[in-house]
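Enquirer: Residue numbers (the UniProt record's numbering), protein chains in the order written: chain A, 202 to 404; chain B, 202 to 404; chain C, 202 to 404; chain D, 202 to 404.
Ideal Cβ placement from N, Cα and C applies to all residues, glycine included.
Protein chains: 4
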Amino acid sequence: LIKTWEPNLIHYPLIGIEDEEFATSKKLITKQEVRAVTLAKLRIQDDLVMWDIGAGSGSVSIEASNLMPNGKVYALERNAQCLGFLRDNLKKFVARNVMLVEAFAPEGLEELPEPDRVFIGGSGGMLEEIIEAVDRRLKSEGVIVLNAVTLDTLTKSVEFLEDHGYTVEVTCVNISRTRGLTEYKMFEAHNPVYIVAAWKESE
Amino acid sequence: LIKTWEPNLIHYPLIGIEDEEFATSKKLITKQEVRAVTLAKLRIQDDLVMWDIGAGSGSVSIEASNLMPNGKVYALERNAQCLGFLRDNLKKFVARNVMLVEAFAPEGLEELPEPDRVFIGGSGGMLEEIIEAVDRRLKSEGVIVLNAVTLDTLTKSVEFLEDHGYTVEVTCVNISRTRGLTEYKMFEAHNPVYIVAAWKESE
Amino acid sequence: LIKTWEPNLIHYPLIGIEDEEFATSKKLITKQEVRAVTLAKLRIQDDLVMWDIGAGSGSVSIEASNLMPNGKVYALERNAQCLGFLRDNLKKFVARNVMLVEAFAPEGLEELPEPDRVFIGGSGGMLEEIIEAVDRRLKSEGVIVLNAVTLDTLTKSVEFLEDHGYTVEVTCVNISRTRGLTEYKMFEAHNPVYIVAAWKESE
Amino acid sequence: LIKTWEPNLIHYPLIGIEDEEFATSKKLITKQEVRAVTLAKLRIQDDLVMWDIGAGSGSVSIEASNLMPNGKVYALERNAQCLGFLRDNLKKFVARNVMLVEAFAPEGLEELPEPDRVFIGGSGGMLEEIIEAVDRRLKSEGVIVLNAVTLDTLTKSVEFLEDHGYTVEVTCVNISRTRGLTEYKMFEAHNPVYIVAAWKESE
Chain A
202 LIKTWEPNLI HYPLIGIEDE EFATSKKLIT KQEVRAVTLA KLRIQDDLVM WDIGAGSGSV
262 SIEASNLMPN GKVYALERNA QCLGFLRDNL KKFVARNVML VEAFAPEGLE ELPEPDRVFI
322 GGSGGMLEEI IEAVDRRLKS EGVIVLNAVT LDTLTKSVEF LEDHGYTVEV TCVNISRTRG
382 LTEYKMFEAH NPVYIVAAWK ESE
Chain B
202 LIKTWEPNLI HYPLIGIEDE EFATSKKLIT KQEVRAVTLA KLRIQDDLVM WDIGAGSGSV
262 SIEASNLMPN GKVYALERNA QCLGFLRDNL KKFVARNVML VEAFAPEGLE ELPEPDRVFI
322 GGSGGMLEEI IEAVDRRLKS EGVIVLNAVT LDTLTKSVEF LEDHGYTVEV TCVNISRTRG
382 LTEYKMFEAH NPVYIVAAWK ESE
Chain C
202 LIKTWEPNLI HYPLIGIEDE EFATSKKLIT KQEVRAVTLA KLRIQDDLVM WDIGAGSGSV
262 SIEASNLMPN GKVYALERNA QCLGFLRDNL KKFVARNVML VEAFAPEGLE ELPEPDRVFI
322 GGSGGMLEEI IEAVDRRLKS EGVIVLNAVT LDTLTKSVEF LEDHGYTVEV TCVNISRTRG
382 LTEYKMFEAH NPVYIVAAWK ESE
Chain D
202 LIKTWEPNLI HYPLIGIEDE EFATSKKLIT KQEVRAVTLA KLRIQDDLVM WDIGAGSGSV
262 SIEASNLMPN GKVYALERNA QCLGFLRDNL KKFVARNVML VEAFAPEGLE ELPEPDRVFI
322 GGSGGMLEEI IEAVDRRLKS EGVIVLNAVT LDTLTKSVEF LEDHGYTVEV TCVNISRTRG
382 LTEYKMFEAH NPVYIVAAWK ESE
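1. What does Q246(A) touch in chain B if you count any residue whose Cβ is under 7 angstroms from its own?
2. Have a look at Y275(A) and L229(D) and give me their C-alpha separation to the nearest angstrom.
3. Using 8 angstroms as the limit for Cβ to Cβ distance, is V299(D) near chain A?
4. By a C-beta neighbour count over all protein chains shown, 10 Å radius and 16 as the cutoff for buried, is W400(A) buried or exposed?
5. Expressed to the nearest angstrom, what Euclidean distance is found between the alpha-carbon atoms of K386(D) and G366(C)?
6. CB-CB under 6 angstroms to F305(A), same chain, minus the five flanking residues each way: which ones, in chain order?
7. Does the separation of the CB atoms of D317(D) and L249(D) fall below 8 angstroms?
8. Does chain C have any CB closer than 8 angstroms to the CB of S226(B)?
9. Within its chain, find whatever has a CB closer than 6 angstroms to the CB of E234(A); leave out the 5 residues flanking it on each side and keep chain order.
10. Determine, using beta carbons only, whether F361(D) comes closer than 8 angstroms to chain A.
11. Is the CB of W206(C) under 8 angstroms away from at least one CB in chain A?
12. To be precise: take each residue of the segment 390 to 402 of chain B, compare its Cβ to all Cβ atoms of chain D, and keep it if any distance is under 8 angstroms. Which residues remain?
13. Taking the C-alpha atoms as reference points, what is the distance between V398(A) and I332(A)?
14. Could you have a look at L301(A) and say whether DSSP puts it in helix, strand or coil?
15. Between N290(D) and chain C, is the shortest Cβ-Cβ distance under 8 angstroms, so that the two count as touching?
16. Going along chain A in order, which residues have a C-beta closer than 8 angstroms to the C-beta of L268(B)?
17. Which residues, in chain order, does the segment 331 to 352 of chain B contribute to contact with chain D at a C-beta distance below 7 angstroms?
18. If we cut at 8 angstroms on Cβ distances, does S377(A) have a partner in chain D?
19. Please tell me whether M327(A) has its Cβ less than 8 angstroms away from any Cβ of chain D.
20. Quick one: which chain C residues come within Cβ less than 7 angstroms of K386(B)?
21. According to the neighbour-count rule (16 or more other Cβ atoms, all chains shown, within 10 Å of its Cβ), is residue 198(D) buried or exposed?
22. From R236(D) to I263(B), what distance separates their C-alpha atoms?
23. So that I know if they touch, is there some Cβ in chain A lying closer than 8 angstroms to that of V274(B)?
24. Out of curiosity, what's the CA-to-CA distance linking E342(D) and V319(D)?
25. Return the residue from the list W252(A), P307(A), K340(A) that minimises the CA-CA distance to N298(A).
26. In terms of DSSP beta bridges, what is N271(D) paired with?
27. For P307(D) and A334(D), which I take to be in contact (beta-carbon distance under 8 angstroms), what is that distance rounded to the nearest angstrom?
28. Measuring CA to CA, which of E311(D), I216(D), T225(D), L301(D) is closest to M269(D)?
29. For T239(B) and A256(B), what's the separation of their Cα atoms in angstroms?
30. Determine the DSSP secondary structure at E222(D), reduced to helix, strand or coil.
31. So is V261(A) in contact with chain C if we call contact Cβ pairs under 8 angstroms?
32. Flag C373(D) as yes if its beta-carbon sits less than 8 angstroms from any beta-carbon of chain B, otherwise no.
33. Do P214(A) and Q282(B) have their beta-carbon atoms positioned less than 8 angstroms apart in this structure?
34. Please report the Cβ distance between R288(C) and L277(C), rounded to the nearest whole angstrom; I am assuming they are in contact, meaning their Cβ atoms lie under 8 angstroms.
35. Who are the neighbours of K357(D) on chain C, taking C-beta pairs under 9 angstroms?
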C-alpha cells in the first residue's frame with residue numbers, strides 16, 4: 202500500500218489567502234484586498250491563458266489559477282530571491298496550472314501562447330517594451346491589468362496603453378484595517394494602489 | 202431537431218462582473234470592487250454552505266456561487282422590489298446553486314442547513330437578533346462578514362460580534378475610479394464601506 | 202446719529218467656513234477640508250502676495266486673506282457666473298485685501314505684483330502657459346499649489362513643474378464625512394483631490 | 202549697543218508647518234494635513250479661549266494660537282516626555298498665547314477660564330470624564346473636536362457626546378503623499394484619522 206503525499210488545502214480559500222501565508226518579503230506582495238480587486242478587474246473566466254509579468258512571490262498567479270481550473274497562468278520572473286519565493290508558494294498552494302518562466306520581460310514573451318489576460322505586477326524599467334510586446338500577442342477581447350504604486354508608473358502606463366489604442370480605467374484602492382487580535386482597534390493604512398485596466402473597444 | 206436554450210456566459214467573469222450588468226437600483230448594489238474584497242474576506246472554498254442575509258439584488262450570492270460549483274448559497278430577502286431583481290439576476294447569470302429564500306431574517310434561518318459562511322448585506326433593523334441566530338448555527342471555523350456603510354452599523358456589529366465571542370477585523374475600503382470612456386479622467390469616489398469579518402479563535 | 206453698516210463676522214471662522222455659506226455652484230467649490238489642506242500647503246504667512254488663478258467662487262482667496270491681514274490676494278477669474286459668485290462672496294465675508302482681476306490667465310498676470318504664493322484652482326486648458334508665466338514672476342522661496350481632480354491635470358502639472366525646475370510633492374486627500382443632523386450616520390465620500398505643491402530648492 | 206535675541210519666524214507658516222519642524226516622537230504628532238482639517242473643524246476665530254487636552258507635542262496648540270493673536274490656548278499635558286517636547290516647541294515657534302498646564306485631565310480643567318473651543322488630542326483612558334468636565338464649562342456656541350485613530354475611541358466619543366446632547370459630525374481623513382525629493386514618486390499613506398466635531402444646536 203502506497204500512501205502518496207496529499208496536500209491539505211482545507212485551510213486555504215480560493216481568493217483572500219492571508220498575506221502571511223505566502224513566502225515573500227514584506228514590500229513585494231500584492232496585499233490580500235488589492236489582489237481581490239485586481240482579480241476582479243482581470244475578469245477571470247474558467248479556461249483562459251494569463252501572463253503574470255513580474256510575478257514576484259506569485260500571489261496573483263496562485264489565486265488566478267484557483268479561479269481557472271481549466272486555464273493556464275505563465276508567471277514570468279527573473280529576480281533570484283523572487284524565484285525562490287515563487288517556487289515555495291507554487292508548491293505550498295499546489296498551483297498545478299501555473300508555469301514558472303524564468304525570463305526578464307519582454308524577453309520570453311514571444312515563446313508563450315497568446316494570452317487572454319495579462320497582469321503586469323512589475324516591469325523592471327521596461328514598461329513601454331512590455332506593453333508593446335503584450336499588445337502584439339494579446340487576443341481580441343483581451344484585458345491588461347497593471348498595478349502602479351508610483352505616480353510615474355501610473356502616468357506612463359496610461360500614456361503607453363492609450364498610445365496603443367487601449368481604453369483605460371484607473372481604480373485607486375485605499376485600504377485601512379484594524380488588526381483582529383489587538384485589544385483596541387487602530388486603523389492602519391496600506392499605501393494606495395492604482396489598478397490600471399485596459400482593453401480595446403470592439404468595433 | 203430541438204435546440205434547447207443555452208445560456209451564453211462567455212462575457213461574464215467569475216468575479217468582477219460590472220455593476221451595470223445586474224438588475225438593481227443604484228443604491229442597492231455592493232459595488233464590484235467592494236464585492237471582490239468581501240468575497241476575499243469570506244474565504245470562499247469550493248464546497249461550502251453560505252447564507253446571504255439581505256441579499257438585495259444578489260450580486261454577492263452570484264459571484265460567491267461562481268466560486269463554489271460544489272457549494273450552496275441561501276439568499277434571504279423579503280423586499281418585493283429586491284426579489285424581482287434577484288430572480289432576474291439569478292436567471293441571467295445562471296446561478297444554479299443559489300437558493301432564493303423569501304424571509305425576513307432572523308425568520309427562516311432555523312430551517313436552513315448549517316452555514317460555513319454568512320454574509321450580512323442588510324439587517325432590516327434586526328442586527329442583534331440576526332447575529333444571535335447566526336451564532337447558534339454557524340459551523341466551527343465558520344466566518345461571518347458584514348458590510349457597514351453607517352457608523353451605527355459599524356459600531357453595533359463590532360459590539361454584538363465581540364459580545365458573542367468573535368474576533369473581529371474591520372477593513373475600510375475607499376475606492377475611486379476614472380471612467381474609461383471619457384476623454385479626461387476624473388477620479389470619482391465611491392462611499393467607503395467597512396467590511397467587518399468575524400470568526401472564533403479555535404482553542 | 203448715523204449708524205453705518207457693519208458686517209457681522211462673528212459667525213464665520215478664519216478657516217473652515219462651511220461650503221454652504223459660499224455663493225457657488227456645487228461642482229465649483231474647493232470643499233472645506235481640501236481648502237484647509239490647500240492653505241497648509243501654501244505655507245501662508247501674514248504679509249504675502251498671492252495669486253489665485255481660476256478663483257472660481259473665491260473660497261480659497263477668502264480664507265487665505267483671512268490669514269494675511271497684511272497681505273494681498275489677486276483673484277483672477279473671467280467666467281461670468283463665477284464672477285458673480287466671487288463678488289457676492291467677497292462682500293459677504295468682507296474680504297478687503299482680495300483684489301478681483303477679470304482676466305483669462307495667463308493674460309493679466311504680467312501686470313500683477315510679483316507673487317510669493319500662487320494657487321492654481323483652474324487653468325482653462327492653458328496649464329502650461331500659466332505655469333510658464335508664473336515661473337517668470339514667482340519670487341525666490343515662492344510656492345505654487347495646484348489642485349487636480351483629473352489624472353490628466355495631475356500628470357501634466359507634475360511634468361510641467363518639473364520641467365521648469367521645481368521640486369514637486371503630491372498629496373492625495375480622500376475625505377468622507379457623516380452628516381451631523383441625520384439620525385444614522387452614513388459616511389459619504391468626496392471625490393479625491395490631488396494637491397500638487399511645488400517650489401525651487403535653494404542652492 | 203545691545204542686540205536682544207529675536208526669533209526668526211520668517212520661515213514658518215501660520216498653518217502647514219512641516220511635521221519635521223516639531224520636537225516630537227513620530228507617533229505622537231498630529232500630521233500636517235490632519236492638523237489643517239482639525240483647525241478648520243475647530244472654527245477658529247481671532248480671540249477665542251481654547252483648551253487643548255492631551256496636547257502632546259503641541260502642534261495643534263501652536264497653529265491654533267497663530268490664528269488667534271487675541272485668543273488664549275490652554276495646553277494640558279502631564280506626560281514627562283511630551284512636556285519636554287511641548288516646551289521646546291512653544292519656544293521655537295514663539296507661541297506667546299499658549300499656556301502650558303501640567304495636569305492629567307479632567308484634573309485641572311475646573312481652574313481654567315471657560316472655553317469656546319476644546320480639542321481633545323488624547324484622553325488617557327478618561328474620555329467620558331473629560332467630556333463631562335468639558336460639557337460643564339463649554340460656552341454656548343462652543344465646539345468640541347476630537348481626533349480618533351481607533352475604532353474604540355471613535356465609537357465611544359460619538360456615544361458620549363450624543364449622550365450629552367451634542368450634534369456630532371465625523372470626518373474621515375485619508376491622506377497619501379509622495380516625497381518631494383525622491384526621483385520616482387511613490388504614494389505613501391498615513392493612517393486614517395477620524396475627526397469628530399460636536400456642538401449643541403441652538404434652540
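Expert: Reading it off the structure:
1. Stepping through the first sequence from its first residue, residue 246(A) is reached at position 45. Under the 7 angstroms cutoff, chain B gives P214, L215.
2. On the first sequence, residue 275(A) is found 74 positions in, with the first residue counted as 1. On the fourth sequence, residue 229(D) is found 28 positions in, with the first residue counted as 1. Cα to Cα, the separation comes out at about 46 angstroms.
3. The residue given as residue 299(D) occupies position 98 in the fourth sequence. So no, V299(D) is outside the interface.
4. Numbered from 1 along the first sequence, position 199 holds the residue referred to as residue 400(A). The residue is buried, with at least 16 neighbouring Cβ atoms inside 10 Å.
5. The sequence position of residue 386(D) within the fourth sequence is 185, counting from 1. The sequence position of residue 366(C) within the third sequence is 165, counting from 1. Whole-angstrom Cα-Cα distance: 16 angstroms.
6. One-based indexing of the first sequence puts residue 305(A) at position 104. Non-local C-beta neighbours of F305(A) in its own chain, meaning closer than 6 angstroms and more than five positions away in sequence, comprise R279, ordered along the chain.
7. Counted from its first residue, the fourth sequence places residue 317(D) at position 116. Counted from its first residue, the fourth sequence places residue 249(D) at position 48. The answer is yes: Cβ separation under 8 angstroms.
8. Indexing the second sequence from 1 puts residue 226(B) at position 25. With 8 angstroms as the cut-off, S226(B) does not count as an interface residue toward chain C.
9. Residue numbering aside, residue 234(A) sits at position 33 when the first sequence is read from its first letter. If you ignore the 5 residues before and after E234(A), its C-beta comes within less than 6 angstroms of the C-beta of I376, all in its own chain and listed in chain order.
10. Within the fourth sequence, numbered from 1, the residue matching residue 361(D) stands at position 160. Output row for F361(D): interface = no.
11. Here residue 206(C) corresponds to residue number 5 of the third sequence, with the count starting at 1. A caution first: W206(C) carries a pLDDT of 49, below 50, which makes its placement in the model unreliable, though a value can still be read off. It does not: the Cβ of W206(C) has no partner Cβ on chain A nearer than 8 angstroms.
12. Those would be P393, in chain order.
13. Residue mapping note: residue 398(A) aligns to position 197 of the first sequence, counting from 1. Residue mapping note: residue 332(A) aligns to position 131 of the first sequence, counting from 1. Here the sequence assigns Ala to residue 398(A), which means Val is not the residue at that position. Here the alpha carbons of I332(A) and A398(A) stand approximately 13 angstroms from one another.
14. Your numbering for residue 301(A) matches position 100 in the first sequence. Note: L301(A) maps to strand in three-state DSSP.
15. Mapped onto the fourth sequence, residue 290(D) falls at position 89. It does not; no Cβ of chain C falls within 8 angstroms.
16. Against the second sequence, residue 268(B) aligns to sequence position 67. Under the 8 angstroms cutoff, chain A gives L215, I216, L268.
17. Across the segment 331 to 352 of chain B, CB contacts with chain D closer than 7 angstroms involve L352, in sequence order along the chain.
18. In the first sequence, the residue the question calls residue 377(A) occupies position 176. Output row for S377(A): interface = yes.
19. Within the first sequence, numbered from 1, the residue matching residue 327(A) stands at position 126. No, M327(A) does not count as interfacial toward chain D.
20. Position 185 of the second sequence holds residue 386(B). Going along chain C in sequence order, the residues near K386(B) (Cβ under 7 angstroms) are T351, L352, D353.
21. Shown here, chain D extends from 202 to 404; a query on residue 198(D) therefore has no answer.
22. What you label residue 236(D) is simply residue 35 of the fourth sequence in a count that begins at 1. What you label residue 263(B) is simply residue 62 of the second sequence in a count that begins at 1. Roughly 44 angstroms separates the two Cα atoms.
23. Numbered from its first residue, the second sequence carries residue 274(B) at position 73. False, the Cβ-Cβ gap to chain A never drops below 8 angstroms.
24. Locating residue 342(D) in the fourth sequence gives position 141, where the first residue counts as 1. Locating residue 319(D) in the fourth sequence gives position 118, where the first residue counts as 1. If I take the Cα positions, the gap works out to 12 angstroms.
25. In the first sequence, the residue the question calls residue 298(A) occupies position 97. Put simply, of W252(A), P307(A), K340(A) the residue whose alpha carbon is nearest the alpha carbon of N298(A) is W252(A).
26. The residue labelled residue 271(D) in the question sits at position 70 within the fourth sequence. None, per the DSSP bridge assignment.
27. Stepping through the fourth sequence from its first residue, residue 307(D) is reached at position 106. Stepping through the fourth sequence from its first residue, residue 334(D) is reached at position 133. With 8 angstroms as the limit, P307(D) and A334(D) qualify as a contact, their Cβ atoms being about 4 angstroms apart.
28. Sequence index remark: in the fourth sequence, residue 269(D) carries index 68 (1-based). In terms of Cα proximity to M269(D), the closest of E311(D), I216(D), T225(D), L301(D) is I216(D).
29. Residue numbering aside, residue 239(B) sits at position 38 when the second sequence is read from its first letter. Residue numbering aside, residue 256(B) sits at position 55 when the second sequence is read from its first letter. Between the alpha carbons of T239(B) and A256(B) lies a distance of about 13 angstroms.
30. Residue 222(D) sits at position 21 when you count from the first residue of the fourth sequence. Correct three-state label for E222(D): helix.
31. By 1-based counting over the first sequence, the position of residue 261(A) is 60. Taking 8 angstroms as the CB threshold, V261(A) stays off the interface with chain C.
32. Taking the fourth sequence and counting its residues from 1, one reaches residue 373(D) at position 172. Judged by the 8 angstroms Cβ criterion, C373(D) is in contact with chain B.
33. Stepping through the second sequence from its first residue, residue 282(B) is reached at position 81. Stepping through the first sequence from its first residue, residue 214(A) is reached at position 13. Going by C-beta atoms, Q282(B) is not nearer than 8 angstroms to P214(A).
34. Position 87 of the third sequence, counted from the start, is the residue given in the question as residue 288(C). Position 76 of the third sequence, counted from the start, is the residue given in the question as residue 277(C). A Cβ-Cβ separation of about 14 angstroms leaves R288(C) out of contact with L277(C) under the 8 angstroms criterion.
35. Position 156 of the fourth sequence, counted from the first residue, corresponds to residue 357(D). The premise fails here: K357(D) is roughly 15 angstroms from chain C at the closest Cβ pair, so nothing lies under 9 angstroms.
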